[in-house]
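In the working numbering, the protein residues as written are 11 to 100.
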């Protein structure tokens, strides 16, 4: 099953790359025949309707940057927040 999903995704990506149609971003994906990519695009580019997600990011940041981790460098801090916020995409 996983192999088939991978092959479908690879074929879909190849078809998208070779697709000459380029309309407005929202129109393109609304009418897209690429179901796997369309689902991913909707999840990634959806606009949040409230400030709750931003509040969650600040909450995660507070948990990550604890007194025991006060010497953490900025890049590691940003990377850890990025991973925490986007873990649902994995």
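Built from N, CA and C at the ideal position, the CB exists for glycine as well.
Nearest-angstrom Cα separation, counted from residue j out to residue i
{"i": "residue 21", "j": "residue 79", "result": "44 angstroms"}
{"i": "residue 77", "j": "residue 91", "result": "16 angstroms"}
{"i": "residue 42", "j": "residue 74", "result": "39 angstroms"}
{"i": "residue 94", "j": "residue 25", "result": "32 angstroms"}
{"i": "residue 84", "j": "residue 36", "result": "35 angstroms"}
{"i": "residue 56", "j": "residue 30", "result": "25 angstroms"}
Pick from the options that is closest to residue i, judged by C-alpha positions
{"i": "residue 28", "options": "44, 72 and 64", "result": "44"}
{"i": "residue 72", "options": "40, 46, 26 and 88", "result": "88"}
{"i": "residue 96", "options": "81, 84 and 63", "result": "63"}
{"i": "residue 18", "options": "32, 46 and 33", "result": "46"}
Reduced DSSP secondary structure (H/G/I, E/B, other) of residue i
{"i": "residue 50", "result": "helix"}
{"i": "residue 75", "result": "coil"}
{"i": "residue 66", "result": "helix"}
{"i": "residue 29", "result": "coil"}
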